[in-house]
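As numbered in full-length UniProt numbering, residues 1 to 109 make up the sequence shown, in order.
First up is the structure itself, then whatever we jot down about it.
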Amino acid sequence: GIHNEDAYNRRRDLVLRMQSSGIPSKATDEERKGKPYSNDEYDALIHADVYYCLDKLTCLNWQKIERVPDENYRDTVDKFILGKAKEYHDVESCSFKSRCEARLQRLNN
Numbered sequence: 001g002i003h004n005e006d007a008y009n010r011r012r013d014l015v016l017r018m019q020s021s022g023i024p025s026k027a028t029d030e031e032r033k034g035k036p037y038s039n040d041e042y043d044a045l046i047h048a049d050v051y052y053c054l055d056k057l058t059c060l061n062w063q064k065i066e067r068v069p070d071e072n073y074r075d076t077v078d079k080f081i082l083g084k085a086k087e088y089h090d091v092e093s094c095s096f097k098s099r100c101e102a103r104l105q106r107l108n109n
């Protein structure tokens with residue numbers, strides 16, 4: 001079993017999965033070079049939908065990161081990931097600050 005769930009869960013703060021989007025390629029055969037999508041389309045994540053886990057422990061509930069009109073889906077996903085990283089950092093910063101304050105208080109008493 002997991003002895004320290006909080007320590008384990010820190011590594012699973014954002015769980016993602018990709019699934020085929022079913023969006024057809026708009027690239028020419030020459031651009032695709034025998035592949036289902038062109039390199040630019042793969043880079044823009046045209047071929048995939050990205051989902052994130054709502055319950056990071058069991059990963060039974062998934063939410064799709066929705067596409068934003070007129071925005072590259074890769075940029076949308078990157079912004080989502082960066083937003084989650086900032087949320088995580090903010091929570092950890094507050095936790096660290098409170099632990100430091102508690103230790104200072106013990107030292108001063």
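All C-beta atoms in this analysis are idealised placements derived from N, C-alpha and C, irrespective of residue type, glycine included.
A quick note: this is a predicted structure, and the numbers were derived from the prediction, not measured.
Rounded to the nearest angstrom, how far is the Cβ of Ala-48 from that of Met-18, given a contact under 8 angstroms? Separation of the CB atoms of Ala-48 and Met-18 is rounded to 4 angstroms, and the pair is thereby assigned contact status at 8 angstroms.
Cβ-Cβ separation, Leu-16 to Tyr-73 (assumed contact under 8 angstroms), whole Å: Not a contact, Cβ separation roughly 13 angstroms.
Using a Cβ-Cβ cutoff of less than 7 angstroms, which residues in the same chain neighbour Tyr-37 once the five nearest sequence positions on both sides are dropped? Within the same chain, Tyr-37 has close Cβ partners Ser-25, Ala-27, Ile-46 and His-47.
Using the DSSP secondary-structure output, state which residues sit across from Arg-17 in a beta bridge. Looking at the DSSP output, Arg-17 bridges to Tyr-51.
Quick one: what's got a C-beta closer than 8 angstroms to Ser-95's C-beta in the same chain, skipping five residues either side? No residues qualify anywhere along the chain.
Reduced DSSP category for Lys-33 - H, G, I as helix; E, B as strand; rest coil: Lys-33 sits in coil when the DSSP states are folded into three classes, being neither helix nor strand.
Applying the criterion that 16 or more other CB atoms from any shown protein chain within 10 Å of the CB defines a buried residue, is Val-77 buried or exposed? With a threshold of 16 other beta carbon atoms within 10 Å, Val-77 meets it and is buried.
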